[in-house]
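Some notes on the structure that comes next.
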Amino acid sequence: MNGTDKIADMLKVMMQGTVISLQAFIFTLLFAVPLAALICAGRMSKLKVVKYPIQLLLLIVRGTPLMLQLITVYFVLPMALSSLGIKIDRFVAAVIALSINYACYFAEIYRGGFESISHGQYEACTVLGYNRWQTFIHIICPQVIKRIVPAMGNETMTLVKDTALVNVIGISELLIVSKKMASSMANILPLFIAGVFYLLMNAVVAFAFNKLEKKLSYYK
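Numbering (our numbering) for the sequence shown: 2 to 221.
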């Protein structure tokens, strides 16, 4: 096998790892964004029975390593659900752990966005005859979304890199595949290529959030 064939095979294997990383990223984002809204609502609730458990959840999730959370979900959740006949594979466990983790961070970003809106705007909407739903959808949300876009962009780019942590529960994502290939080839080229892949994925994320920020720039 010549050098060209070796590189082609290496890229093929690395692309398979990249697909796993992308799937983990997409599914996590898909579940974390709406889950964060629920956590944010609970965190801002005036009911202590709702607010305090959410605060405890946020403390635990943000105060412990994501790697530990992945391991915990992978080993504990299947045991808890085994009596119901529900089986959870490695990838599902990874997505659940990542979704909960990022939902908690997103929720605090949401909360910061909502709390940055002055109370006077709510009062003005009431004077103008808007009900609470109209005020939330047409006045508050557009401003909140604009204000949280930069922070959400940062967290989303971090998520791209954090998908590498799923290898701790045996998922062959991009980084672990690259490490194995670098070890077998005695060459750091696979690790360098993996870095380029991560950079390209984050370049796409950065581009998307920059476009969104420009689209919302009219709302000042």
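Each residue gets a CB set at the ideal place from its N, CA and C atoms; glycine is no exception.
Beta carbon of ALA108 nearer than 7 Å to that of ALA37:
Indexing the sequence shown from 1 puts residue 108 at position 107. Indexing the sequence shown from 1 puts residue 37 at position 36. Using a Cβ distance threshold of 7 Å, ALA108 and ALA37 count as a contacting pair.
Taking the alpha-carbon of LEU217 as reference, which of GLN144, ILE140, VAL169 and ALA81 has the nearest alpha-carbon?
Here residue 217 refers to the residue found at position 216 of the sequence shown. Selection GLN144, ILE140, VAL169 and ALA81 evaluated against LEU217 yields GLN144 as nearest (Cα-Cα).
Specify whether the segment 23-39 and the segment 159-169 touch according to this definition: at least 3 beta carbon pairs, one from each stretch, less than 8 Å apart.
By the Cβ test, the segment 23-39 is in contact with the segment 159-169, since at least three Cβ pairs between them sit closer than 8 Å.
DSSP state of LYS216 mapped onto helix, strand, coil
By one-based count along the sequence shown, residue 216 stands at place 215. The three-state secondary structure of LYS216, taken from DSSP, is helix.
Buried versus exposed call for ILE40 [16 or more other C-beta atoms within 10 Å across all chains shown]:
Taking the sequence shown and counting its residues from 1, one reaches residue 40 at position 39. By the 10 Å Cβ count, ILE40 comes out buried.
For ILE141 versus ILE110, is the C-beta spacing smaller than 7 Å?
Taking the sequence shown and counting its residues from 1, the one referred to as residue 141 is at position 140. Taking the sequence shown and counting its residues from 1, the one referred to as residue 110 is at position 109. Contact annotation: ILE141 and ILE110 have beta-carbon atoms that are not nearer than 7 Å.
Length at least 4, wholly inside the segment 73-118: the alpha helix (DSSP H) runs in chain order
Counting only runs of at least 4 residues, the segment 73-118 fully encloses the following alpha helix (DSSP H) elements, listed from N- to C-terminal order: 91-116.
C-beta atoms of GLU174 and ILE72 nearer than 7 Å
As a working mapping, residue 174 is identified with position 173 in the sequence shown. As a working mapping, residue 72 is identified with position 71 in the sequence shown. No, they are not a contact pair.
Counting C-beta neighbours from all protein chains within 10 Å, is the total for MET16 16 or more, i.e. buried, or is it exposed?
In the sequence shown, the residue the question calls residue 16 occupies position 15. MET16 is exposed by the Cβ-count criterion.
Counting Cβ pairs, one atom from each stretch, are 3 or more of them under 8 Å apart for the segment 191-202 and the segment 168-183?
Judged by Cβ distances under 8 Å, the segment 191-202 makes contact with the segment 168-183, as three or more pairs qualify.
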